[in-house]
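In UniProt numbering, the protein residues as written are 1 to 191. By construction, the Cβ of each residue, glycine as well, lies at the ideal position given by its N, Cα and C atoms. Below you'll find the structure, written out as structure tokens, and then a few comments.
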Ligand SMILES: Cc1cc2nc3c(=O)[nH]c(=O)nc-3n(C[C@H](O)[C@H](O)[C@H](O)COP(=O)(O)O)c2cc1C
């Protein structure tokens, strides 16, 4: 596909089928992420790929966070339900790619730029998914930044789990969300 077509056709696909994409396709996504720009060559991004029962590692964290958020008066039944809801959340796609960020340690490194570089890596991944006919969505939310998440996926105090890319084959054709017009976001200053 033409680059501009891939860019425009990429949509966040939240609903995917249970069909498991071949591992080689997921490897292609990761390979494209590897080439993202990053300042001072810190390459702050790394990935954990979950599939099958491996997804329960994320589900367990979601579940424990759900349980922690319950009132102290919650019954065992309510805790079980909350935990299982977490497990289910991590089964929404056959593959989940955990996006980790570990900032460079040199004093000149700017944390915002480490986030920018990691976001570039995710965009590469999402565009490649579009090109390969896969459906993908970048998910985040508060659990992403929870201490349980950092511990489970070995992220340091300084680092971040920037989010999760859920990948499968599209089970929906999402509408294109309204996008601002260029005229509303660009100022040209000439001569
Ligand atoms: C940093 C980031 C975090 C996101 N987190 C979520 C999320 O937790 N849940 C979700 O449904 N979509 C999430 N999205 C996807 C956006 O909802 C989506 O990009 C937006 O609606 C525009 O739609 P499009 O991606 O199809 O252009 C996230 C996107 C970004 C860039």
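Open item on the list: I'd like to know if the segment 171–180 and the segment 88–97 are in contact, where contact means that at least 3 CB-CB pairs between them fall below 8 Å.
Closed with: no
Task: With 16 other Cβ atoms within 10 Å as the buried cut-off, status of residue 114 - done: buried
Task: Sub-8 Å separation of residue 51 and residue 103 beta-carbons - done: no
Task: Bounding residues of the alpha helix (DSSP H) (the contiguous stretch that carries residue 129) - done: 111–131
- [ ] Anything with a beta carbon under 5 Å from a heavy atom of ligand 1 counts; list them all in chain order.
- [x] 11, 12, 138, 139, 140, 141 and 177
Open item on the list: Please report the distance separating the alpha-carbon of residue 101 from that of residue 18.
Closed with: 29 Å
TODO: Go through the segment 27–113 residue by residue and report every complete run of the alpha helix (DSSP H) that reaches 4 residues or more, in order.
DONE: 56–68 and 76–89
TODO: Specify, as a first and last residue, the run of the alpha helix (DSSP H) that residue 13 falls within.
DONE: Segment: none, residue 13 is in no alpha helix (DSSP H) and carries neither H nor E.
Task: Alpha-carbon spacing of residue 49 relative to residue 81, whole angstroms - done: 26 Å
Open item on the list: Closest to residue 165 by C-alpha separation, out of 179, 126 and 105, would be which residue?
Closed with: 126
Open item on the list: In this structure, how does DSSP classify residue 20 when only helix, strand and coil are distinguished?
Closed with: coil
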